[in-house]
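With the working numbering as the guide, the letters of the sequence shown map in order to residues 100 to 270. The structure appears right after this line, and notes come after that.
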Amino acid sequence: MAPAKIVFVAGSFMSSISSAEQVQTNLGILKESGIEKIDTDHTYEDSEQRLGRAHASSDFAIDTKNPGGLSPDPFVLTKDGVLEIMRQSLARLQTDQVSGILTPRPSAGGFLAKTPEQLKARSSTRWDPSSFIGEMYHTLYANKESTLEALGSWHEIAAAEGISGIDMAYR
């Protein structure tokens, strides 16, 4: 089996955390250590610009992100929105391409551990629709009857196997 590849997350390359010299030093350490990929995001302050100024894409594969489901602006998920955000990232990174564009979507945050009744009762802060995150989770998962029915089936199958819904999710 091939060994796992290590990806360095460039959040520490923000100017509020490290100097330009530290970024250069750290890139050298990463290269010497055999790290081949760096994950960045335009929300990591100026990490994309700093990676661009250091010409990191000449030594590393770079992944970056579209805000995706974490943004309240639906434009970011349109074709034009994705292309515009990527043009901006490529310019900041001073490169013509990246190895990957990730579009995060909020994980269900314990969705398979909850029963439909718990979601309807809004039993945890993550699922509280009065908060931004809770409203997003409800919109994505809990406000759809078909999703709640599937969740109920999930728990029935788990119970028939003598395990919890979360235990089944880990299998």
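Virtual Cβ for every residue (Gly too), placed ideally from N, Cα, C.
- Using a C-beta cut-off of 8 Å, the stretch 127-137 makes no contact with the stretch 175-190, since fewer than three inter-stretch Cβ pairs fall below that distance.
- Between the alpha carbons of arginine 225 and methionine 235 lies a distance of about 10 Å.
- CA-CA distance, asparagine 165 to threonine 142, rounds to 10 Å.
- For alanine 153, the three-state secondary structure derived from DSSP is coil.
- Residue pairing of leucine 201 in beta bridges, as defined by DSSP: Lys164.
- One alpha carbon belongs to lysine 213, the other to arginine 149, and they sit about 42 Å apart.
- Contact annotation: alanine 257 and aspartate 266 have beta-carbon atoms nearer than 9 Å.
- Rounded to the nearest whole angstrom, the C-alpha separation of alanine 160 and proline 173 is 28 Å.
- For a cut-off of 8 Å, the C-beta gap from glutamate 255 to serine 188 is around 44 Å, too long to register as a contact.
- Within a 10 Å sphere around the beta-carbon of valine 197 sit 16 or more other beta-carbons, which makes this residue buried.
- Distance from leucine 218 to alanine 241 at the Cβ level is roughly 4 Å; contact confirmed, criterion being Cβ atoms closer than 8 Å.
- Taking C-beta atoms as the reference points, aspartate 140 and alanine 103 fail to come closer than 9 Å.
- With 16 or more other Cβ atoms inside 10 Å of its own Cβ, leucine 126 counts as buried.
- About 6 Å separates the CB atoms of serine 111 and serine 117; that is less than 8 Å, so the two are in contact.
- Check the Cα spacing between serine 170 and each of Ser157, Ile232, Ser263: the tightest is with Ile232.
- Per DSSP, reduced to three states, the secondary structure at phenylalanine 231 is helical.
- In the DSSP annotation of this structure, the continuous segment of the beta strand (DSSP E) that includes lysine 136 starts and ends at 136-138.
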